[in-house]
Amino acid sequence: MFQRSYETVFILTPVLSDVQMKDTVDKFVNLLKEEGADVINVENWGLKKMAYPIEKKTTGFYVLVEFKADPTIIRKFELEFRRDEKVMRFLTTVLDKHAIVYAERRRKGEFNKKAEAKEEQA
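Note that this note's numbering has the sequence shown beginning at 123, numbered continuously upward.
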């Protein structure tokens, strides 16, 4: 079974409670696991202001999921995004070797300038 590295960012509607938002994220992560994908990282970026309104909403819960999966399950995964009315937008990309290295460095916090600035002040 051939597996590729993917990254999906999706935006959930801001009218959800924290519990509903976490349940929705867990639903998509569990769907990946059921299909045999290896979920590498799930990041909740929280409620953020969007550049332009989507469905008359100016904010949304942003979530990033990094995973390795067989390319055939992506269509089913994205179909579930389209069916779920809580999801306003989503984007799935294939990670090349450079993006994989960058993602590992980002997970380790190498690009977190706020944390570095606090360490320097302390």
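Using N, Cα and C, we set each Cβ at its ideal position, and we do this for glycine too.
| query | At which residues does the alpha helix (DSSP H) containing Asp145 begin and terminate? | reply | Asp140 to Glu156
| Counting Cβ pairs closer than 8 Å, one from the stretch 189 to 204 and one from the stretch 153 to 164, do we hit at least three? | Yes, the stretch 189 to 204 touches the stretch 153 to 164.
| query | Mind checking Thr180: buried by the 16 CB within 10 Å criterion, or exposed? | reply | exposed
| Looking at C-alpha atoms only, which residue of Phe183, Thr214, Lys149 and Asp218 is the closest neighbour of Thr135? | Among Phe183, Thr214, Lys149 and Asp218, the Cα nearest to that of Thr135 belongs to Phe183.
| request: Tell me whether Val185 is buried or exposed, calling it buried when 16 or more other Cβ atoms sit within 10 Å of its Cβ. | output: buried
| message | Using only the alpha-carbon positions, how far apart do Met143 and Val131 sit? | response | If I take the Cα positions, the gap works out to 14 Å.
| task | Let me know if Thr105 comes out buried or exposed under the rule of 16 or more other beta-carbons within 10 Å of its beta-carbon. | result | With the chain covering only 123 through 244, there is no way to say anything about residue 105.
| query | Cα separation between Lys92 and Ile196? | reply | Outside the modelled stretch of the chain, which goes from 123 to 244, sits residue 92, for which no answer is possible.
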